[in-house]
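> Below you'll find the structure I mean.
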Amino acid sequence: MTLTTTFRPPIEMVTRPGAFWAITDEHAAFYGENGYLALPDALTPAEVRSLRDETVRICRGELGAVAGLPSVASGDSDEDIIRRTLCVHFPHKLSQLMFDFLAQPVIADALTRVIGPNVKCMQSMLFIKSAGKPGQAWRQDEGFIPTRDRSLNAAWIALDDATIENGCLWVIPGSHKHGVIWPNREHDDERFDCVVEAFDFPYTDEDAVPVEVTAGSIVFFNGYLLHRSLPNRATGGFRRALVNHYMSAESLLPWRHPGDSNVGMGSYDYRDIVMIAGRDPYTYKGVQELAFPHIRPNREGGCRWPTKEDDQDT
Ligand SMILES: O=C(O)CCC(=O)C(=O)O
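Residue numbers (our numbering): 23 to 336.
Here's what the structure looks like:
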């Protein structure tokens, strides 16, 4: 079950009220140079609480099916329930609240500064990462979600204070500037989940800096930036973050090309998108329901990605 179409806004033109966190020339210059930018207090404490509460509803299965979601027993506390899941992909397809946050004013303002006036979103991920859960190995997001104009950018919304101890984001400042997608390989490093790791890039772990932020901060980062996170080594609690991915609306999106399609990669355009600012030059193509909410496997629970057939209406 997906609810997406019931709350998708008109795709032709999207306008949002002005941001209360104006992006300055200094911010834009820092972003260009380093490939990331952390904005503290971008969300109010009440907004953070509402997103945490929504996380519980998603993990209880109350907002619709999530493929691979662990089952819920009566008597399970909210913490018991969310602790079992490392990350839910595409929560905006379940939650009106998370859908609305795709175009939160600070996000729309920052992205129109770095991407251009026309911006679309194709992915959201809700990391819960309770104590003991693994991190994510070195990666570049454009290695997974290829744009045609290098316009991929992430907005990483902290729902807890993210610290070195609980597994904050680490980035290699300036690593986006090469414009190169470095090779990926399988790994069996227990510190990380099952997704491949980037390697053979001209940096070492010593070049990385931790991005420790308080709950309610937003970290923006470029799709070519090398980043990773380490396991949550705290004795309890969570390191929750809602992470959305965006790109220019002008670029086609050759992501998840169906192998049997007659459409070549050069003209393939993944159309499960949400406009968050400006105009969509491809409105005539319409939008499609292609992605479905699912959990991300973590090493402890095996490495198989759930399929739609694993949907559970708990
Ligand atoms: O939040 C994390 O730990 C990693 C997030 C990430 O890798 C991403 O957003 O691409």
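Note that the Cβ used here is the ideal one computed from N, Cα and C, for glycine as well.
1. Give the straight-line distance between the Cα atoms of Ala41 and Thr66, rounded to the nearest whole angstrom.
2. Tell me, please, which residues DSSP counts as bridged to Ser270.
3. Mark Glu55 as exposed unless 16 or more other C-beta atoms lie within 10 angstroms of its C-beta, in which case mark it buried.
4. Starting from Tyr53, trace the alpha helix (DSSP H) both ways and give me its first and last residue.
5. Taking its Cβ as the centre, do 16 or more other Cβ atoms sit within 10 Å of Ile186, making it buried, or is it exposed?
6. Are there 16 or more other CB atoms within 10 angstroms of the CB of Asp182, so buried, or fewer, so exposed?
7. Would a C-beta distance cut-off of 9 Å place Leu191 and Met120 closer than the cut-off?
8. Under the rule that 16 or more other beta-carbon atoms within 10 Å means buried, what is Asp294, buried or exposed?
9. Would you list, in sequence order, the uninterrupted beta strand (DSSP E) runs of no fewer than 3 residues that lie entirely inside the stretch 202-239?
10. Just verifying my parser: in three-state terms, what is the DSSP assignment at Ile167?
11. Taking 8 Å as the cut-off, is the beta-carbon of Gly83 closer than that to any non-hydrogen atom of ligand 1?
12. On the three-pair Cβ rule with 8 Å, is the stretch 172-181 touching the stretch 214-225?
13. Check whether the stretch 188-202 and the stretch 92-102 touch, using three or more Cβ-Cβ pairs below 8 Å as the test.
14. Under 8 Å by Cβ, that's how I've got Leu264 and Ile179 pegged, so tell me the actual separation to the nearest angstrom.
15. Considering only residues of the same chain and omitting the five flanking positions on each side of Leu274, which have a CB-CB separation below 6 Å?
16. Round the Cβ separation of Ile317 and Cys109 to the nearest angstrom and send it over; I've been treating them as touching at under 8 Å.
17. When you measure from the CB of Leu248 to every non-hydrogen atom of ligand 1, does any distance come out below 8 Å?
18. For Phe242, list the residues DSSP reports as bridge partners.
19. Is the closest heavy atom of ligand 1 to the C-beta of Lys307 under 8 Å?
20. Could you tell me which of Phe52, Glu84 and Gln145 sits nearest to Tyr268, measuring between CA atoms?
21. Taking 8 Å as the limit between beta carbons, can you name the residues of its chain near Asp211, skipping five residues before and five after?
22. Exposed or buried, which one is Gly324 when buried takes at least 16 other CB atoms within 10 Å?
23. Answer yes or no: do Pro156 and Asn320 have a C-beta to C-beta separation smaller than 9 Å?
Quick answer:
1. As a first step, residue 41 must be located in the sequence shown, where it is residue number 19. As a first step, residue 66 must be located in the sequence shown, where it is residue number 44. Note that Ala41 scores 42 on pLDDT, short of 50, meaning its location in the model is unreliable; the coordinates nonetheless yield the value given after this. Distance from the CA of Ala41 to the CA of Thr66, rounded to the nearest whole angstrom, comes to 13 Å.
2. The residue you call residue 270 lines up with position 248 of the sequence shown. Looking at the DSSP assignment, Ser270 forms a beta bridge with Val141.
3. Here the question's residue 55 lines up with position 33 in the sequence shown. So Glu55 counts as exposed.
4. In the sequence shown, the residue the question calls residue 53 occupies position 31. Note, Tyr53: alpha helix (DSSP H), Asp47 to Asn56.
5. Here residue 186 corresponds to residue number 164 of the sequence shown, with the count starting at 1. Ile186 should be labelled exposed.
6. Mapped onto the sequence shown, residue 182 falls at position 160. Buried.
7. Position 169 of the sequence shown, counted from the start, is the residue given in the question as residue 191. Position 98 of the sequence shown, counted from the start, is the residue given in the question as residue 120. No Cβ-Cβ contact shorter than 9 Å links Leu191 with Met120.
8. Indexing the sequence shown from 1 puts residue 294 at position 272. By the neighbour-count rule (16 or more Cβ atoms within 10 Å), Asp294 is buried.
9. As far as the stretch 202-239 is concerned, its whole beta strand (DSSP E) runs of at least 3 residues are 231-233.
10. On the sequence shown, position 145 is the one that residue 167 refers to. Of the three classes helix, strand and coil, the one that applies to Ile167 here is coil, per DSSP.
11. Walking along the sequence shown from the start, residue 83 turns up at place 61. Flag unset: Cβ of Gly83 not near ligand 1.
12. Contact between the stretch 172-181 and the stretch 214-225 is absent, because fewer than three Cβ pairs lie under 8 Å.
13. Using a Cβ-Cβ distance cut-off of 8 Å, the stretch 188-202 and the stretch 92-102 are not in contact, since fewer than three pairs of beta carbons, one from each stretch, lie closer than that value.
14. In the sequence shown, counting from the first residue as 1, residue 264 sits at position 242. In the sequence shown, counting from the first residue as 1, residue 179 sits at position 157. Sure, about 4 Å apart at Cβ, within 8 Å.
15. Position 252 of the sequence shown, counted from the first residue, corresponds to residue 274. In chain order, Arg170 and Asp291 place their CB closer than 6 Å to the CB of Leu274, counting only its own chain and leaving out the 5 sequence neighbours on each side.
16. Position 295 of the sequence shown, counted from the first residue, corresponds to residue 317. Position 87 of the sequence shown, counted from the first residue, corresponds to residue 109. Their Cβ separation, rounded to whole angstroms, is 7 Å, which keeps Ile317 and Cys109 in contact under 8 Å.
17. Reading the sequence shown from its first residue, position 226 is the one you call residue 248. It does not: the Cβ of Leu248 is nowhere closer than 8 Å to a heavy atom of ligand 1.
18. For the purposes of this step, residue 242 is taken as residue 220 along the sequence shown, with counting starting at 1. Residue pairing from DSSP places Phe242 in a beta bridge opposite Leu59 and Ala177.
19. For the purposes of this step, residue 307 is taken as residue 285 along the sequence shown, with counting starting at 1. Not so, every heavy atom of ligand 1 lies at least 8 Å from the Cβ.
20. Here the question's residue 268 lines up with position 246 in the sequence shown. Measuring C-alpha to C-alpha distances from Tyr268 to each of Phe52, Glu84 and Gln145 identifies Gln145 as the nearest.
21. Here residue 211 refers to the residue found at position 189 of the sequence shown. Excluding residues within five positions, the ones whose Cβ falls inside 8 Å are Ala159 and Glu219.
22. Start at 1 with the first residue of the sequence shown, and residue 324 comes out as number 302. Under this definition Gly324 is an exposed residue.
23. Taking the sequence shown and counting its residues from 1, one reaches residue 156 at position 134. Taking the sequence shown and counting its residues from 1, one reaches residue 320 at position 298. Yes, the pair counts as a contact, with Cβ atoms nearer than the cut-off.
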